[in-house]
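See below for the structure under consideration.
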Amino acid sequence: MASCMASSLFQKHLLLLIALPIVISSSPALRCHDSIISFGDSLADTGNLLHISRSEGRPTHAGFLPYGETYFRRPTGRFSDGRLVIDFVAEWLGLPYVAPYYGDDGGRSAADFGKGVNFAVAGATALDAGFFEGRGMGNSVPNESLGVQLGLFKELLPSLCDTSSDCKEFLGKSLVLLGEIGGNDYNYPFFMGSHLEEIQDLVPLVLEEIVSAISELIDLGAETILVPGNFPIGCLPAYLTEFQSSDKEEYDPSTGCLNWLNEFSQYHNEQLQRKLNHLRELHPQANIIYIDYYNAALRFYESPDKFGFDGGILRACCGGGGTYNYNSSALCNSNARVCDDPSAYASWDGIHFTEAAYRWIFKSMADGSCTVPKLDISCPSLAFE
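In my numbering, the protein residues as written are 7 to 391.
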């Protein structure tokens with residue numbers, strides 16, 4: 007079974023890179039948090055794209071059933087059948103679900119954000135949309151990059167606190183969830199046919215944006231920042247469908263996932279961890295915690311029965327048919343083929359996970375087994391099932 011500390015493939019890649027130790031000692035116990043500040047893409051979006059799309063008159067499919075059917079019993083703009091990792095984090099900390107920055111009427115008052123605010127937008131990238139526009143992808147990438155999200159937060163911050171010192175205290179008592187972000191920087195070119203080498207060249211640029219955002223948040227007063235890595239994209243139905251191959255050597259026989267795509271995800275994650283290690287040296291007062299989404303999810307694919315995923319681990323619950331129940335021309339909607347029990351599936355719509363999968367990923371984060379350093383938030387009321 008995959009370990010969140012290091013898979014064999016991860017260890018192999020480490021030997022090929024310049025040796026630089028990653029800090030793995032346990033962090034000091036972290037205090038309870040008064041709010042959650044979130045940045046990212048569809049993996050953390052709790053309704054921003056839904057509200058943006060409504061205001062622009064171009065509805066998103068996450069605004070319709072079967073999205074949201076499992077827990078909320080209605081579509082909320084979350085790209086899943088139910089709750090996301092960020093929702094489980096909020097429940098764990100005894101906080102309300104994190105409010106999307108863009109409200110139902112296109113905006114909210116500062117009073118709504120006292121317990122948290124979410125700037126994550128589905129489709130968002132780490133790199134600015136202008137970067138992709140220069141490469142002929144401008145129509146696909148929303149202008150909601152990490153830099154834009156951080157800018158919105160900086161504009162909002164003075165309304166959440168009275169003085170500079172108050173703002174530092176507010177942010178110091180907040181749990182910052184930075185991502186996952188960067189996945190879309192690779193998704194767009196992958197699905198537009200760019201070569202692997204071209205996409206790999208984007209990794210340093212993506213990481214530069216992430217590092218810059220973390221540094222700026224620390225300067226503003228952030229003390230605890232969770233930074234998730236990328237998922238094993240070679241296991242996602244969308245990628246398995248798009249890059250389906252007759253060459254069996256391209257697949258991991260133990261999972262059925264595409265090796266070369268997972269290796270790319272691991273490359274991003276390895277480089278990200280090295281950057282975070284350097285940031286820890288520069289900011290020893292901050293708790294910068296890497297969340298190993300890759301291995302937290304890889305365990306599903308290696309031992310699906312142990313996690314209750316007996317519906318077909320590589321198939322989407324909701325999709326347009328085919329080997330992996332994914333069709334880019336027939337995405338998940340009210341007319342799609344929807345499984346009877348989403349909890350038996352890890353993938354919801356081919357690119358996003360089910361609530362059941364997100365719950366397992368959260369658990370591996372909350373118990374510290376998939377975090378570097380070990381996540382240790384000491385709070386008497388904290389518990390998870």
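We put the beta carbon where it would ideally sit given N, CA and C, even for glycine.
All values derive from a computational prediction rather than experimental measurement.
| How many angstroms separate the CA atom of Gly53 from the CA atom of Gly74? | Indexing the sequence shown from 1 puts residue 53 at position 47. Indexing the sequence shown from 1 puts residue 74 at position 68. Between the C-alpha atoms of Gly53 and Gly74 there is a straight-line separation of about 11 Å.
| query | Straight-line CA distance for Gln155 to Ala126? | reply | Locating residue 155 in the sequence shown gives position 149, counting from the first residue. Locating residue 126 in the sequence shown gives position 120, counting from the first residue. Our two residues, Gln155 and Ala126, have alpha carbons roughly 7 Å apart in a direct line.
| task | Identify every residue that forms a DSSP beta bridge with Tyr257. | result | The count along the sequence shown starts at 1 and reaches residue 257 at position 251. Bridge partners of Tyr257: Leu264.
| field | With 16 other Cβ atoms within 10 Å as the buried cut-off, status of Trp366 | value | If you number the sequence shown from 1, residue 366 lands on position 360. Counting Cβ neighbours within 10 Å, Trp366 comes out buried, since at least 16 surround it.
| message | Please give me, in chain order, every unbroken run of the beta strand (DSSP E) with length at least 3 that falls completely inside the region 275-321. | response | Listed in chain order, they are 293-297.
| field | Val91 versus Phe368 - alpha carbon distance | value | Locating residue 91 in the sequence shown gives position 85, counting from the first residue. Locating residue 368 in the sequence shown gives position 362, counting from the first residue. Using only the alpha carbons, I get a separation of about 6 Å.
| query | So, helix, strand or coil for Val95, using DSSP? | reply | Locating residue 95 in the sequence shown gives position 89, where the first residue counts as 1. In the three-state scheme derived from DSSP, where H, G and I count as helix and E and B as strand, Val95 is classed as helix.
| message | Quick check on Val154: does DSSP put it in helix, strand or coil? | response | Your numbering for residue 154 matches position 148 in the sequence shown. Three-state result, Val154: helix.
| Hey, out of Thr261, Leu226, Val378, Gly235, whose CA is closest to Ile319's CA? | Taking the first residue of the sequence shown as position 1, residue 319 is located at position 313. Residue Thr261 is the option with its Cα nearest to Ile319.
| said: Using 7 Å as the threshold, is the C-beta distance between Cys263 and Gly240 below it? | reply: For the purposes of this step, residue 263 is taken as residue 257 along the sequence shown, with counting starting at 1. For the purposes of this step, residue 240 is taken as residue 234 along the sequence shown, with counting starting at 1. Cβ atoms of Cys263 and Gly240: closer than 7 Å.
| field | Pairwise C-alpha distance: Phe45 and Val123 | value | Here residue 123 refers to the residue found at position 117 when the sequence shown is read from its first residue. Here residue 45 refers to the residue found at position 39 when the sequence shown is read from its first residue. Roughly 9 Å between the two C-alpha positions.
| request: Figure out for me which residue from Cys376, Leu337, Leu267 has the closest Cα to the Cα of Ala302. | output: Residue numbering aside, residue 302 sits at position 296 when the sequence shown is read from its first letter. Taking only the C-alpha atoms, the option nearest Ala302 is Cys376.
| request: Decide if the region 138-145 is in contact with the region 182-199; the criterion is three or more beta carbon pairs, one per stretch, under 8 Å apart. | output: The region 138-145 makes contact with the region 182-199: 3 or more CB pairs, one atom from each, lie closer than 8 Å.
| Helix, strand or coil at Phe249 according to DSSP, with G and I counted as helix | To locate residue 249, count along the sequence shown from 1; it is residue 243. Phe249: coil per DSSP, three-state reduction.
| Pro81 to Ile187 span [Cα, whole Å] | Looking up residue 81 in the sequence shown gives position 75. Looking up residue 187 in the sequence shown gives position 181. Counting only the Cα atoms, Ile187 lies some 23 Å from Pro81.
| Asp355 versus Pro379 - alpha carbon distance | Locating residue 355 in the sequence shown gives position 349, counting from the first residue. Locating residue 379 in the sequence shown gives position 373, counting from the first residue. Near 32 Å, if we compare the C-alpha coordinates of Pro379 and Asp355.
| Using a beta-carbon distance below 7 Å, is Glu269 in contact with chain C? | The chain inventory of the structure shown lacks chain C, comprising one protein chain alone.
| task | Note the first and the last residue of the continuous beta strand (DSSP E) segment covering Asn124. | result | As a first step, residue 124 is located in the sequence shown; it is residue number 118 there, counting from the start. From DSSP, the beta strand (DSSP E) with Asn124 extends over 122-124.
| field | Touch test, the region 218-235 against the region 177-187, Cβ-Cβ under 8 Å, three pairs minimum | value | Yes: the two stretches touch, three or more of their Cβ pairs being nearer than 8 Å.
| message | Taking a contact to mean a Cβ-Cβ separation below 7 Å, would you say Pro348 touches Thr360 in this structure? | response | Translated into positions along the sequence shown, residue 348 becomes position 342. Translated into positions along the sequence shown, residue 360 becomes position 354. Between Pro348 and Thr360, the C-beta spacing is below 7 Å.
| Residue range of the unbroken alpha helix (DSSP H) whose run includes Phe196 | Counting from 1 along the sequence shown, the entry for residue 196 is found at position 190. Unbroken alpha helix (DSSP H) run through Phe196: 189-197.
| query | Are Arg286 and Ile294 close, meaning C-beta to C-beta below 7 Å? | reply | Here residue 286 refers to the residue found at position 280 when the sequence shown is read from its first residue. Here residue 294 refers to the residue found at position 288 when the sequence shown is read from its first residue. Yes, the pair counts as a contact, with Cβ atoms nearer than the cut-off.
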